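A quick write-up on the structure given underneath.
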DNA sequence: CACACGATGCACT
DNA sequence: GTGCATCGTGTGA
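Residue numbers (the UniProt record's numbering): 1 to 210.
Right, here's the structure in full:
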């Protein structure tokens with residue numbers, strides 16, 4: 001329930017070590033306020049089922065590997081608690097939460113989730129539900145599908161994680177079993193492709209990969 | 001300035 | 001299993 005027992009995670013919550021943040025995010029609720037097609041305000045609530053940690057300059061798969069500090073990666077050097085969103089393959093927006101201390105360019109990628117029972121429904125839910133891309137109308141098994149449904153793009157880049165940005169995280173006390181897996185889509189990263197930095201809700205149906 | 005390519009998803013064989 | 005859309009960005013000329 002997203003009622004009295006829910007708390008909004010403050011930016012400081014994300015300044016803890018990246019792997020801790022990534023693991024703790026599984027089971028939390030990613031909230032997205034937006035204006036529906038009928039001009040009403042809606043809050044979509046997506047419970048996170050899968051995350052990945054990208055642990056900075058020593059991580060070959062991380063955009064900040066070897067100290068790569070550019071206009072794109074600059075935000076990663078901020079203290080945890082802000083968004084890093086980028087476009088990949090010219091198509092998909094990837095939602096990342098910057099984690100850890102300042103000058104420690106690390107982040108957590110949100111890879112999958114599912115809409116909670118008490119999430120607002122979009123006016124055009126029928127249209128979205130009929131989208132046969134989705135194996136189940138409420139599950140979003142993959143980072144690109146998730147951002148598409150939540151209408152998240154690079155407008156979020158650099159904003160503070162919280163209600164003022166229209167995207168925030170709530171903790172409603174949900175506890176979920178966590179398993180560790182290798183990360184996805186980083187075969188170019190050598191030995192790092194085998195590092196167990198993907199955190200999944202054990203056996204959940206909404207995972208991006210078994 | 002040119003160019004290679006990606007933290008994906010989907011269609012098709 | 002393979003092919004490919006589509007474009008911002010990092011890299012090197």
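We put the CB at the ideal spot given by N, CA and C, even for glycine. Note that the structure is predicted; figures quoted are calculated from it, not measured.
| Can you name the start and end residues of the alpha helix (DSSP H) that residue 149 belongs to? | The sequence position of residue 149 within the first chain is 149, counting from 1. Unbroken alpha helix (DSSP H) run through residue 149: 143-150.
| message | Short of 6 Å in beta carbon distance, which residues of its chain neighbour residue 19, apart from the five on each side in sequence? Order them along the chain. | response | Position 19 of the first chain, counting from 1, holds the residue named residue 19. Only 53 meet the Cβ criterion.
| task | May I have a chain-ordered list of the beta strand (DSSP E) segments no shorter than 3 residues that lie completely inside the region 152-210? | result | 167-171, 178-181, 198-201
| query | Roughly how many angstroms separate the alpha carbons of residue 120 and residue 190, rounded to a whole number? | reply | For the purposes of this step, residue 120 is taken as residue 120 along the first chain, with counting starting at 1. For the purposes of this step, residue 190 is taken as residue 190 along the first chain, with counting starting at 1. One C-alpha to the other measures close to 42 Å.
| request: Tell me whether residue 203 is buried or exposed, calling it buried when 16 or more other Cβ atoms sit within 10 Å of its Cβ. | output: Along the first chain, read from residue 1 onward, the residue named residue 203 stands at position 203. When all chains shown are included, residue 203 counts as exposed.
| With a CB to CB cut of under 6 Å and the five nearest residues on each side skipped, what residues in its chain are close to residue 8? | Taking the first residue of the first chain as 1, we reach residue 8 at position 8. Only 168, 170 meet the Cβ criterion.
| task | Could you tell me whether the region 81-97 touches the region 142-152, where touching means 3 or more Cβ pairs closer than 8 Å? | result | yes
| message | So if DSSP puts residue 87 in a beta bridge, which residue, or which two residues, is it bridged to? | response | Here residue 87 corresponds to residue number 87 of the first chain, with the count starting at 1. BP columns for residue 87 point to 93.
| message | In the DSSP assignment, the beta strand (DSSP E) including residue 25 goes from what residue to what residue? | response | Along the first chain, read from residue 1 onward, the residue named residue 25 stands at position 25. Run containing residue 25: none in the beta strand (DSSP E); it sits in the alpha helix (DSSP H), 18-25.
| Do you know how far the Cα of residue 46 is from the Cα of residue 60? | Stepping through the first chain from its first residue, residue 60 is reached at position 60. Stepping through the first chain from its first residue, residue 46 is reached at position 46. Looking at the two C-alpha atoms, the distance is approximately 30 Å.
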